[in-house]
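> Residue numbers 70 to 389, in the numbering used here, belong to the letters of the sequence shown in order. No residue lacks a Cβ here, since even glycine has one placed at the ideal position from N, Cα and C. Since the model is a prediction, treat every value here as computed from it, not as a measurement.
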Amino acid sequence: MEKFILSKIIGGGNLSSVVEFVLLGFSDLPNFQGLLFGIFFLIYILILTGNGLIILITRVDSVLQTPMYFFLANFSSLEICYVSVTLPRILVNLWTQDGSISMLGCATQMCFFLLLGATECFLLAVMAYDRYVAICNPLHYPLVMNHELCLKLAAGAWIGGIPVQIGQTCQVFSLPFCGSNQISHFFCDIPPLIKLACGDTSLNEMCVYVVAILFAMIPFLLILGSYVKIISTILKFPSARGQSKAFSTCSSHLIVVLLFFGSASITYLRPKSISVFYTIVIPMLNPIIYSLRNKDVKDAMKRVFAITTYGNFIFTNHIS
70 MEKFILSKII GGGNLSSVVE FVLLGFSDLP NFQGLLFGIF FLIYILILTG
120 NGLIILITRV DSVLQTPMYF FLANFSSLEI CYVSVTLPRI LVNLWTQDGS
170 ISMLGCATQM CFFLLLGATE CFLLAVMAYD RYVAICNPLH YPLVMNHELC
220 LKLAAGAWIG GIPVQIGQTC QVFSLPFCGS NQISHFFCDI PPLIKLACGD
270 TSLNEMCVYV VAILFAMIPF LLILGSYVKI ISTILKFPSA RGQSKAFSTC
320 SSHLIVVLLF FGSASITYLR PKSISVFYTI VIPMLNPIIY SLRNKDVKDA
370 MKRVFAITTY GNFIFTNHIS
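(1) Rounded to the nearest angstrom, what separates His216 and Leu283 at their Cα positions?
(2) Starting from the N-terminal side, write out each stretch of the beta strand (DSSP E) that is 3 residues or longer and does not extend beyond the segment 146-218.
(3) Rounded to whole angstroms, what's the CA-CA distance from Glu89 to Phe246? Just pull it up for me.
(4) Indicate whether Gly156 and Ile124 have their beta-carbon atoms separated by less than 9 Å.
(5) Does the distance from the CB of Leu117 to the CB of Ile149 come in under 9 Å?
(6) So, Leu93 versus His254, is the Cβ gap smaller than 9 Å?
(7) If I'm right that Ala203 touches Leu291 with Cβ under 8 Å, what's the distance once you round it to whole angstroms?
(8) From Ile349 to Val152, what does the alpha carbon distance come to, in whole angstroms?
(9) Within 10 angstroms of its Cβ, does Pro261 collect 16 or more other Cβ (buried), or is it exposed?
(10) Using 8 Å as the threshold, is the segment 227-243 in touch with the segment 183-197, meaning 3 or more CB pairs across them?
(11) For Gln251, which three-state DSSP category applies?
(12) Flag this pair as touching only if the segment 158-173 and the segment 98-112 have three or more C-beta atom pairs under 8 Å; answer yes or no.
(13) DSSP has Leu92 in a bridge; who is on the other side?
(14) Would Gln240 and Leu272 be called neighbours here (beta carbons separated by less than 9 Å)?
(15) Between Gln391 and Leu304, is the Cβ-Cβ spacing less than 9 Å?
(16) Taking Thr302 as part of the alpha helix (DSSP H), name the residues at either end of that continuous run.
(17) Quick check: the Cα distance between Arg372 and Arg128, rounded to an integer number of angstroms?
(18) Using DSSP with H/G/I as helix, E/B as strand and the rest coil, what is Phe246?
(19) So is Tyr278 buried or exposed if we call it buried at 16+ other beta carbons inside 10 Å?
(20) Using only the alpha-carbon positions, how far apart do Met172 and Leu183 sit?
(21) Which whole-angstrom value is the C-beta distance of Ala226 and Leu192, which I expect to be below 8 Å?
(22) Rounded to the nearest angstrom, what separates Leu105 and Phe95 at their Cα positions?
(23) Might you give, ordered along the chain, the residues of its own chain that have their beta carbon closer than 7 Å to the beta carbon of Phe316, omitting 5 neighbours on each side?
(24) Since Pro261 is in the alpha helix (DSSP H), which residue starts that stretch and which ends it?
(25) Taking DSSP as the reference, what is the three-state secondary structure of Thr135?
(26) Tell me the DSSP secondary structure of Pro307 in three-state form.
(27) So for Leu111, helix, strand or coil by DSSP?
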C-alpha cells in the first residue's frame with residue numbers, strides 16, 4: 070500500500086519535504102506479485118549457491134590456487150554482495166506489498182550499490198590485466214602476478230571507489246525533495262532520485278557523467294586495450310590448438326565484460342527494465358559462464374563432489 074508524503078512546514082511556507090520514499094518497483098503488475106516473489110527468490114538462491122560454490126572450489130582445490138582464480142573468487146564474493154544490496158529488499162516489498170523506504174535506508178542502499186558497481190568495474194579491469202600478463206608475457210607471469218600484487222590489486226578494486234561514491238551519495242541526498250516521493254524503480258538509484266528533486270540538478274547530472282567516466286569508461290577502455298593486445302598476441306601463436314586454449318582462458322571473462330558494460334551502458338535510458346538484467350540476471354549467469362566454459366573449474370567441481378560423496382559414503386557406513 071502506497072504511503073502519502075510525510076511533510077513539514079519549512080520557513081513558514083507551504084513547501085513539503087519528503088522524509089521517506091515509496092519504491093514503485095513492480096506495482097504495475099499487481100496480479101503477479103506472488104509469481105515475481107517466487108521467481109526472484111529462486112534467482113537469489115541460485116546466485117548464492119552458484120557463486121558460493123565457485124568461492125569454495127577456488128579455496129579448497131590446489132589446482133585453482135592461481136591469480137586468475139583468486140580474482141574469480143573475489144568476483145563471486147562481489148556478486149553475492151552486489152545482488153544482496155537490492156534483491157532482499159525487492160523480496161520484502163513483493164511479500165508485504167509495501168514499497169516504503171526511509172531516507173536513510175534509501176541513501177544506504179544507493180551508496181552500497183554505487184560502491185559495489187565501481188568495484189565490479191575495477192575488478193573486471195584487474196582480471197583483464199591478469200589475462201594480459203599471462204598471455205602476452207607468460208615467462209614473467211609468476212613474477213609479475215605475485216601474491217602481494219594480487220592482494221593489492223584486489224584491495225584497490227574493493228576500496229578504490231569509496232570516497233567518490235560516498236561523496237556522490239551525499240551530494241544527491243543534499244538535494245531538496247519536495248514533490249512526489251514515488252521512485253519509479255525497484256531500488257534507490259541516482260537517475261530516478263534526481264527526477265524527484267526540486268531545484269537545479271545540473272551539477273548533480275554533470276557529476277554523474279564525470280563519475281561514470283572515471284569508474285566505468287576508463288576501466289572499460291583499459292579492458293579493451295588489454296584485449297586488443299591479447300588477441301593480437303594469440304593470433305601470432307603458431308598452432309591452432311594453442312590459439313584455442315588461449316582464447317578459452319579469456320572467453321568467460323570477455324562474455325561477462327560485454328554483458329555487464331553493455332547492459333549498464335543503456336540502463337540510464339531505460340533504468341527499470343535493464344537494471345533488472347545487470348543487477349540480478351548477470352550475477353546469476355556469471356557462475357554458469359565461468360563453470361561451463363572453463364575446464365579447470367569443471368574438473369575442480371567434479372573433484373569436490375567426488376570427495377564429498379566419498380566422505381558421505383564412509384560416514385554412512387561407519388554409522389551403520
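Taking the coordinates as given:
(1) 27 Å
(2) 169-171
(3) 10 Å
(4) Inspection of the sequence shows that residue 156 is occupied by Leu rather than by Gly. Contact flag unset, no.
(5) yes
(6) yes
(7) Wrong, their Cβ atoms sit about 16 Å apart, outside the cutoff.
(8) 6 Å
(9) buried
(10) yes
(11) strand
(12) yes
(13) Ile252
(14) yes
(15) Given a span of 70 to 389 for the chain in the structure shown, any question on residue 391 remains unanswerable.
(16) Ile287 to Ile303
(17) 13 Å
(18) coil
(19) exposed
(20) 16 Å
(21) 4 Å
(22) 9 Å
(23) Ile303
(24) Ile259 to Leu265
(25) coil
(26) coil
(27) helix
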